Amino acid sequence: MKTILGLTALFAIPLVYSSELTISGSIHKPGFTGVNAKLSIYQNGGLTTQVWYQPQKIDSSCTEDCTLEIVYDNNKAIRFNSKEMIYKHGGQIYSIEYTSDKYILDGCQGVQDCNYYILPFKFKVIEIAVT
1186 MKTILGLTAL
1196 FAIPLVYSSE
1206 LTISGSIHKP
1216 GFTGVNAKLS
1226 IYQNGGLTTQ
1236 VWYQPQKIDS
1246 SCTEDCTLEI
1256 VYDNNKAIRF
1266 NSKEMIYKHG
1276 GQIYSIEYTS
1286 DKYILDGCQG
1296 VQDCNYYILP
1306 FKFKVIEIAV
1316 T
């Protein structure tokens, strides 16, 4: 009887697993594409997203260092300005600073009026699964 109760309790306890995921990529506006920017996202080194898209202002009245949005993969979105990127993964929202390789063309007041920028990012996420 105690053995049966012990086994029942063992199988009723959920197991928790975690893994570390490295997310990296860039937002790149090369200047020759008109208004489009390229968003590339890698997870653990594998390319998961690569789209060309025209970033849209979040606040149309903004004039300096505006936050822009790129929509990709069935209504997923990232928001960004010249200082940071807002990224949603697994129901969590992350505010990510760019790596030291960030480049914005001289004379630009922000990304909204700039014809050339490279905004690279890299961060780690801990994913937790309960079974």
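Quick note: the sequence shown uses the numbering used here, first residue 1186, plus one each step. The C-beta atom is built at its ideal place from N, Cα and C for all residues, glycine as well. Model, not experiment: these values are computed from the prediction.
Beta-bridge annotation (DSSP): Tyr1202 is paired with Ala1314. The three-state secondary structure of Gln1294, taken from DSSP, is coil. Shown here, Ser1267 sits in coil according to DSSP, grouped into three states, outside any helix or strand. Here Thr1207 is exposed, its C-beta having fewer than 16 other C-beta atoms within 10 Å.
In this structure, the straight-line span from the alpha carbon of Asn1266 to that of Ile1311 is close to 25 angstroms. Within the same chain, Cβ atoms closer than 8 angstroms to the Cβ of Leu1232 are found at Ser1225, Ile1226, the five residues on either side in sequence being excluded. The beta carbon of Ile1243 sits closer than 8 angstroms to the beta carbons of Cys1251, Thr1252, Leu1253, Glu1254, Arg1264 from its chain, once the five residues preceding and following it are set aside; these are given in chain order.
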